[in-house]
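Undergrad:
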Amino acid sequence: AQTVTQSQPEMSVQEAETVTLSCTYDTSESNYYLFWYKQPPSRQMILVIRQEAYKQQNATENRFSVNFQKAAKSFSLKISDSQLGDTAMYFCAFSWYNNNDMRFGAGTRLTVKP
Amino acid sequence: EAQVTQNPRYLITVTGKKLTVTCSQNMNHEYMSWYRQDPGLGLRQIYYSMNVEVTDKGDVPEGYKVSRKEKRNFPLILESPSPNQTSLYFCASSTQGFGETQYFGPGTRLLVL
Numbered sequence: 087a088q089t090v091t092q093s094q095p096e097m098s099v100q101e102a103e104t105v106t107l108s109c110t111y112d113t114s115e116s117n118y119y120l121f122w123y124k125q126p127p128s129r130q131m132i133l134v135i136r137q138e139a140y141k142q143q144n145a146t147e148n149r150f151s152v153n154f155q156k157a158a159k160s161f162s163l164k165i166s167d168s169q170l171g172d173t174a175m176y177f178c179a180f181s182w183y184n185n186n187d188m189r190f191g192a193g194t195r196l197t198v199k200p
Numbered sequence: 395e396a397q398v399t400q401n402p403r404y405l406i407t408v409t410g411k412k413l414t415v416t417c418s419q420n421m422n423h424e425y426m427s428w429y430r431q432d433p434g435l436g437l438r439q440i441y442y443s444m445n446v447e448v449t450d451k452g453d454v455p456e457g458y459k460v461s462r463k464e465k466r467n468f469p470l471i472l473e474s475p476s477p478n479q480t481s482l483y484f485c486a487s488s489t490q491g492f493g494e495t496q497y498f499g500p501g502t503r504l505l506v507l
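Chains as they are written, first to last, in my numbering: chain A, 87 to 200; chain B, 395 to 507.
1. Assuming V398 (chain B) and Y497 (chain B) are in contact, meaning their beta carbons sit under 8 Å apart, how far apart are those beta carbons, in whole angstroms?
2. Hey, out of B:S461, B:R462, B:G457 and B:A486, whose CA is closest to L472 (chain B)'s CA?
3. How about Q125 (chain A) and S108 (chain A): do their beta carbons lie closer than 9 Å?
4. Taking all protein chains shown into account, decide if Q143 (chain A) is buried (16 or more other Cβ within 10 angstroms of its Cβ) or exposed.
5. Pull out every residue of the region 422–446 of chain B whose Cβ sits closer than 7 Å to any Cβ of chain A, in chain order.
6. Look at D172 (chain A) and V198 (chain A) and say whether their C-beta atoms are less than 9 Å apart.
7. Spell out whether any CB of chain A is found under 9 Å from the CB atom of L482 (chain B).
8. Cβ atoms of G493 (chain B) and E138 (chain A): under 9 Å apart, would you say?
9. For the region 173–186 of chain A, which residues have a beta carbon sitting closer than 7 Å to at least one beta carbon of chain B?
10. Which of the three DSSP states, helix, strand or coil, is assigned to N144 (chain A)?
11. What distance in whole Å lies between the Cβ atoms of A179 (chain A) and Y123 (chain A), which are believed to be in contact at a cut-off of 8 Å?
12. Name the chain B residues that come within less than 7 Å of R195 (chain A), Cβ to Cβ?
13. Could you tell me whether any Cβ in chain B is nearer than 9 Å to the Cβ of R136 (chain A)?
14. Under 7 Å, CB to CB, which of the residues in the region 131–156 of chain A have a partner in chain B?
15. Quick check: the Cα distance between N401 (chain B) and V134 (chain A), rounded to an integer number of angstroms?
This is the structure in structure tokens:
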């Protein structure tokens, strides 16, 4: 069963604008972790942001921030002031709190246009 | 430099010919894992290891074997590769499990003819 769903296979944004990538997940647990990973054309997987479910405050990392809606099981990524280097595949991921398992969404391919 | 290395980076082989993809990390991480990435499916976990001599199956373990004889190394073995194992493979490591940041290797592109 699909645990993590990314409903936007592809998106594009103009340089310097803001874009939001969607992610929903399915779990009955109350404690877990959520992540956004970036995969540029080099294929290297890079952590963008991490959120612990028991923390209500949304995580931020410079131009990257999340909108974590626990009741709705939604975890969207907002990229502000988009840069050409943000062009990449973005994966949303979920990890149970005490489980040795990690699930990834299918990915959203983001293109930043000059 | 802290890193996860994989070898080879690219491999073309034929059905049934045993192969090993090596993975090594220099961060003294406890956890290591293998994923395969396929279009439209994201990354799926193949096997993981919590420590030396401790391994367990992930979501898609069929056709793969692993071993963890040393903390730093976690090779992936395909004893009889088949075309449906053509994929992009990633090794990753983390300090204390999947709730922590995972550090990924550069990936291995495998083509099985």
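All C-beta atoms in this analysis are idealised placements derived from N, C-alpha and C, irrespective of residue type, glycine included. Values in this document were obtained by computation on a predicted structure and should not be read as measured data.
TA: Walking through what the data contain:
1. Separation of the CB atoms of V398 (chain B) and Y497 (chain B) is rounded to 5 Å, and the pair is thereby assigned contact status at 8 Å.
2. Closest option to L472 (chain B), Cα to Cα, is B:G457.
3. In this structure, S108 (chain A) does not lie closer than 9 Å to Q125 (chain A) by Cβ.
4. Classification for Q143 (chain A): exposed.
5. Flagged, chain order: G434, L435, G436, L437, Q439, Y442 and M444.
6. Result yes, Cβ atoms of D172 (chain A) and V198 (chain A) sit closer than 9 Å.
7. Interface residue, yes.
8. Closer than 9 Å, so yes.
9. Within the region 173–186 of chain A, the residues whose Cβ lies closer than 7 Å to some Cβ of chain B are F177, S181, Y183 and N186, listed in chain order.
10. Coil, per DSSP.
11. Yes, they are in contact, since the Cβ atoms of Y123 (chain A) and A179 (chain A) sit about 6 Å apart, within 8 Å.
12. Those do not exist, as R195 (chain A) stays about 10 Å from chain B at its closest Cβ, beyond 7 Å.
13. Output row for R136 (chain A): interface = yes.
14. Here the close residues are M131, L133 and R136.
15. Spanning the two alpha carbons is a distance of roughly 25 Å.
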